[in-house]
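In this note's numbering, the protein residues as written are 76 to 334. Beta carbons: idealized from backbone N, C-alpha and C, even for Gly. Here's the structure we're looking at; comments come further down.
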Amino acid sequence: FMKKNYNQETEKIDKDSFIPIYYQLAKILERQILKGKLQPGESLASENEIAKKYDISRMTVRKAISELADAGMVYTEKGKGTFVAKPKLEDVVFELKNFHEEIKSRGMQPRTKLLKVKIVRADELLAEKLEVPLNTNCLYYRLLLSTQEEPLIYENKYVVYTKQKPILESELNDPSLSNLATHHGEKFPTMSRRVLHASVANEEEVDILGIELNSPVFVVEQTLYDSDKKPVGWGKSICRGDRFKFTSSVSWSMDNTED
């Protein structure tokens, strides 16, 4: 059957919508922040309170908050709670958007293809990015995001491997870096830092994205941090330069965030 459309301006959760519940909640909280209903420095309600208010699970609430932290709009202080971050005008960040929902809003069908998942040992680069010893076991995900017509983004993602937390089929349905880090880490991510730069496609990227050698691409590196500012995930996305443009907006981050 066809699920009914979700009105993204509503303050209610539509459980019949094709839009994931965690994403609906993230957008609700995002609007409350942008409209000033939640002020910088103000504490969000507890996970239990939010779950009870919207009749959803705590895990769903946690995932929504993780999305907001990923966008730099909230931060968590250990033992105190989650707070709305203050705007920092000299920085710019990417808007809180979900690839699948953005593609659907444009009338296209998004697709995520898992090209590879395996355990790898951290080399010098990965050990530096995740701040772990050399040869630490890490989970590696290689993904291709596309529409029904063409490939768009090639992604490589890494999180530290935890034996007690095996790979689940459900997480492969939503292999965002924040979701992977939340499932496999001991602490869920509370902050994200992204670095964007222009480049040209190499031979591997040409083969996967179906573009010409040296075609322009955007490279987006993302690092997720927990409440102690320790990296819990790192990834790199290669975006086709002929299919994307990036806009900037005022970021939401703590005053004491280091540049």
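- Check the Cα spacing between M148 and each of I178, K127, S132 and L113: the tightest is with L113.
- One thing to note: Y216 has its Cβ no nearer than 8 angstroms to the Cβ of L284.
- Between the C-alpha atoms of A197 and Y98 there is a straight-line separation of about 32 angstroms.
- When DSSP states are grouped into helix, strand and coil, V281 belongs to the helix group.
- With contacts defined by Cβ atoms closer than 8 angstroms, G316 and S290 form a contacting pair.
- Following the DSSP letters along the chain, one finds R133 inside the alpha helix (DSSP H) bounded by residues R133 to D145.
- Between S132 and A126, the C-beta spacing is below 8 angstroms.
- Secondary structure at K90: coil, using DSSP grouped into helix, strand and coil.
- Contact annotation: S221 and L227 have beta-carbon atoms nearer than 8 angstroms.
- Contiguous alpha helix (DSSP H) elements confined to the segment 187-244 occur at 199-205, taking only those with 4 or more residues.
- For H272, the closest C-alpha among the options N210, K305 and C314 is that of C314.
- Assignment of Q99 by DSSP, reduced to helix, strand and coil, places it in the helix class.
- Here D145 is buried. Its C-beta has 16 or more other C-beta atoms within 10 Å.
- Here the alpha carbon of N231 sits roughly 15 angstroms from the alpha carbon of V292.
- CA-CA distance, T187 to L218, rounds to 7 angstroms.
- Note that the C-beta distance between T157 and L119 is below 8 angstroms.
- Distance check between N123 and each of L252, M134 and P115 places M134 closest, using alpha-carbon atoms only.
- Each of P115, Y300, F93 and L104 was checked against the Cα of V159, and the nearest Cα belongs to P115.
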